[in-house]
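Note sheet for the following structure.
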Amino acid sequence: MEDSAAVAGLLWDRWLPVGVRKVIAEALPQGEPEARALAVWLAGVHDIGKATPAFACQVDQLADAMRDQGLEMRSAKAFGPDRRIAPHGLAGQVLLGEWLEEQHGWVSARTGQFTVAVGGHHGVPPEHGQIKALYEHEELLRTPGASGRVWRQVQTELLDACAERFGVAERLGGWRAVRLPQPVQVLLTALVIVSDWIASNPDLFPYFPDGASRSDQERLAAAWRGLDLPAPWQAEEPDRSAQELFTSRFELPVGAEIRPVQEAAVGLAREMEAPGLMIVEAPMGEGKTEAALAVAEIFAARSGAGGVFFALPTMATGNAMFPRLLDWLGRVPGVAGSRRSVHLAHSKAALNEDFAGLMARTGRVVAVDVDEAAPASGQKRGGQHRAGAELVAHAWLRGRKKAMLASFVAGTIDQLLFAGLKSRHLALRHLAVAGKVVVIDEAHAYDTYMSVYLDRVLSWLGAYRVPVVVLSATLPASRRRELVTAYSGRAEAVALKETEAAAPDAYPLLTAVAPGGVALTRRPQASARSTKVRVERLADGLDVLADRLESELIDGGCVLVIRNTVRRVLETARALRDRFGTENVTVAHSCFVDLDRAGKDSTLLRLFGPPEKTSDRPTGRHIVVASQVAEQSLDVDFDLLVSDLCPVDLLLQRMGRLHRHRRGQDQRDRPEHLRTARCLVTGADWTADVPAPVRGSVAVYGQYALLRSAAVLLPHLDGGPRRPVRLPADISPLVQNAYGEGPVGPDHWQDAMKAARERFERHRDDQAERAAVFRLGDVGKPGRPLFGWVAAGVGDTDDTPAGRAQVRDSRDSLEVVVVQRRGDGSLATLPWLDPDGKGRRRAGLDLPQDATPTRFAARTAASCGLRLPLQFSGETMDRAIQELEQLYLPNWQGRDSPWLSDQLILALDEDCQTHLAEFALRYSPSDGLEVTRDADD
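Sequential numbering of the sequence shown, starting at 2, is according to our numbering.
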């Protein structure tokens, strides 16, 4: 109890961001001194429920010693299953509530908002039914009869002593009238959990009698020194001009000027009465990422946020963002030259070279005597690293529960959406985001299902007054209103004067609102860069496509063909290779092992990246056939685009890969025939009365979105050279019309549109209904306890495949580690892998089956993870798992091989083929995974 309270005090003083402390302090009459005292006291009393017969009976020797002092109790066996009615957290909550009522005159309706931090300190606040059941079994709290008075006396004395020791005895009377907001209850619960975990760590606080030689203060000092948690960032508001700010933070080229969107974002952040939500809608390539980081610095200084979380749609985009985040941190005052914690938050972060390098510099935490001299940065004590002024992936801040508590995090959007998923230890996720500025990238990429979670999370972020920056190429006006309403907590937050001032097609557009406030909008100019894209229909057919590309590429050129399904990618690539040669066709999609996928991204950037960064661009004909992986984040540039019909906002994203960079005056460095940007739209029967998208596209996007996309594109498709799509001018009108409520398209399309809309609305309603099952409730009224806060939740499955499927509306998918089985039956890593960053060979490393693989070989194998496609979901997944589990290697399990433990191994033969659950699988480093039914082979 003493250790937990002391740790809570240190966490408050040295680790908790200023903004979090302010939120708690504002709920109490005397502000921060009372808030600190409350946190320390709750941490001190959190285990009072162990002073009960239900808990004390577990160890006979100790129970006998207590019985000798008059604390009678039944044996654990005699209690039987009834003991489960009184877990010590719930028992402590009840005891503390009774003590507040009996000793300090509180009414029962006011106690729960305080005591729930005790009841929920193991991750799940009690439910009303559990509380009622315990009151009906008082023998679990105190043994009936004369001994009951002794139990009550001991419990009261302990609580009285804690109130005196932790400085709240004189404050309790004033707290009777307090109504703690639910966000404050969550933060206090989280702080108690963290304090308990640290104080319960025997490496920091050795068990008796090992630590008996030290005083309490010496124990605490040694533990805190050994824990060595980096302090939060305390941002200083930059007083420079926007131009000077960007030049100093992002190393702009000499003479480069910031873009109007960036300058307007900084100006609006400074103009807002309080930090809040800012939505930045601007074209691709306008520097939205840099704008978000600049705004985050201003918001952090004004709100007291202690870090930044940058949320991205995929692991690939998270990996790409992580070094950019580190680069920015190296130039930010208060971070550069200081010791701050960083984290990459997704399921394969440990395989990222940048993050792995940071992790390698830290070791496990262990108590350190106060008289030991601190080593210089990079030195070790007792074989364990201790860091100085640097960014660190702190050893204690790792794992599913704690990693997001690091100050600076880049990761997938799931990590934010989990804050809206009812799960165990949810309070820790809330504490993690409550202390940061949150940046949400690619907001247009999230569907109805994910938006249900995102909107609920935004409502909690607004209640915590967490600054949020949302980035998007563009958003439908209705979606923008939903985001503003969710965060501000006011349906009328988007004031009429503001919406009227911003024309429906305003673009670029900045929208900002403070918690509980009214929205502001700004309409900066787009940068001088613009592109006119001629849009044409192309009949769907492989021969048609090959013939067209043959004529288009008569003088050479680089083409991007984007298909909506992996099957169409592979079919198209085969046909084009037959026509243009294997060496002139590159494939990119999601079904590559992790190392190959990363290599594909690197190759695309090397060949098709900005002209100032690469000289390897093909000089002849080259075609990249890709799935949606080419839509976002990759800075690649092509001469011609061919795309399957898709929702119009995604088609505009794809167009962002077309003539993305200037190549010579008026694009003179491109082949003459390709100096005009053109997009050929295929993947549909354009000759039908109503365009008929191919079946795979309908399965991915739904017919309604595809038909509305075709409808708003009609003027451009029919207008030819006279009606190109003007980027960025046409982006917002196209998106607003496609996602608006009004009719679009010719009259004879309307019956098909109506039927498609009905199917879409049923699907959307079904998504929203299913998402709501495990979604966190809204913020309750101040004073209402968090009882049942995560009831009927998903338990511990938040950051697991099942949890990720829950917040993304994806079916459970199967992930495997791909290795090769040689002719002699031995296993090895895949034979084509490139050396790692240190030049170490990764291809064909032995993976012994009768021994534990070397750490490097195991890590290399784990880097070849592959998510199997949806053919392997449902009942097929069960069969596939059963077949994969036949290759069980005991030496690869457990602590000796953490990289491969619990992994399913997919062993390919020497021809890189295998069979699984009645499917034939082929894999190649050029084409990735191809799946066909055995009968189709």
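Just so it is clear, CB atoms sit at the ideal spot from N, CA and C, and this is done for glycine as well. The structure presented is a predicted model; accordingly, all values stated were derived computationally and were not measured.
Check	Outcome
Quick check: the Cα distance between E632 and L651, rounded to an integer number of angstroms?	7 Å
Can you list, in chain order, the residues of its chain with a C-beta nearer than 7 Å to that of A1? Leave out the 5 residues immediately preceding and following it.	Here the chain covers residues 2 to 938 and nothing more, so residue 1 does not appear.
How would you call R84, buried or exposed, if buried means at least 16 neighbouring beta carbons within 10 angstroms?	buried
Which residues mark the beginning and the end of the beta strand (DSSP E) in which G412 is found?	409–413
Within the continuous alpha helix (DSSP H) that includes L108, where are the two ends?	One point to set straight first is that residue 108 is Val, not Leu, in the sequence displayed. Unbroken run through V108: none, as it is neither H nor E.
Three or more C-beta pairs closer than 8 Å, one from the stretch 262–278 and one from the stretch 313–327: is that the case here?	no
Work out the CA separation of L417 and V458 for me, nearest whole Å.	8 Å
Taking the alpha-carbon positions, what's the S473 to S249 distance?	25 Å
Using a 10 Å radius around the Cβ and a threshold of 16 neighbouring Cβ atoms, would you call V21 buried or exposed?	buried
Which residues does DSSP list as the beta-bridge partners of Q704?	Looking at the DSSP assignment, Q704 forms no beta bridge with any residue, so it has no partner.
In chain order, which continuous runs of the alpha helix (DSSP H) of length 4 or greater are located wholly inside the stretch 447–472?	449–465
Return the first residue and the last residue of the alpha helix (DSSP H) that F609 is part of.	595–609
For S342, which three-state DSSP category applies?	strand
For P694, list the residues DSSP reports as bridge partners.	A685
Less than 6 Å between C-beta atoms, sequence neighbours within five positions excluded: which residues of the same chain meet that for L11?	W225
In terms of DSSP beta bridges, what is D645 paired with?	T683
Helix, strand or coil for A921, going by three-state DSSP, please let me know.	strand
Q821 bridges to which residues according to DSSP?	A829, L909
Provide the residue(s) that pair with A772 in DSSP beta bridges, ordered along the chain.	Partner(s): none; A772 has no beta bridge.
R837 to E35, Cα distance in whole Å?	Residue 837 is actually Asp in this sequence, not Arg. Cα to Cα, the separation comes out at about 54 Å.
Report back the beta-carbon spacing between V438 and A301 to the nearest angstrom; my notes put them in contact at under 8 Å.	5 Å
As an exercise, report each continuous beta strand (DSSP E) stretch of at least 3 residues that is fully enclosed by the stretch 608–676, in chain order.	622–627, 641–645
In the structure shown, what three-state DSSP assignment does V438 receive?	strand
Report yes if the CB atom of S424 is closer than 9 Å to the CB atom of G120, and no otherwise.	no
List the endpoints of the continuous alpha helix (DSSP H) containing G307.	Counting along the chain, G307 falls outside any alpha helix (DSSP H), and DSSP gives it neither H nor E.
Around the C-beta of Y136, are 16 or more other C-beta atoms found within 10 angstroms, so that it is buried, or is it exposed?	exposed
Does the Cβ-Cβ distance between W461 and P184 come in under 9 Å?	yes
Mind reading off the beta-carbon distance from F581 to R622? Whole number of angstroms is fine, and I expect it under 8 Å.	6 Å
Please go through the same chain and pick out, in chain order, the residues whose beta-carbon is closer than 6 Å to the beta-carbon of G113, but skip the five residues on each side of it.	P786
Looking at C-beta atoms only, is the number of pairs between the stretch 598–609 and the stretch 524–536 that lie closer than 8 Å three or more?	no
Taking its Cβ as the centre, do 16 or more other Cβ atoms sit within 10 Å of Y1, making it buried, or is it exposed?	The displayed coordinates of the chain run from 2 to 938. Any statement about residue 1 would go beyond what the structure contains.
Answer with buried or exposed for R15, where buried requires no fewer than 16 other C-beta atoms within 10 angstroms of its C-beta.	exposed
Would you call the CB atoms of V8 and A200 closer than 9 Å?	yes
Which whole-angstrom value describes the C-beta separation of N585 and I555, a residue pair presumed to lie in contact below a C-beta threshold of 8 Å?	With 8 Å as the limit, N585 and I555 do not qualify as a contact, their Cβ atoms being about 14 Å apart.
Out of R809, L510, V774, which one is the CA nearest neighbour of A793?	V774
Within the stretch 502–534, note down every full beta strand (DSSP E) run reaching 3 residues or more, in order along the chain.	510–514, 521–523
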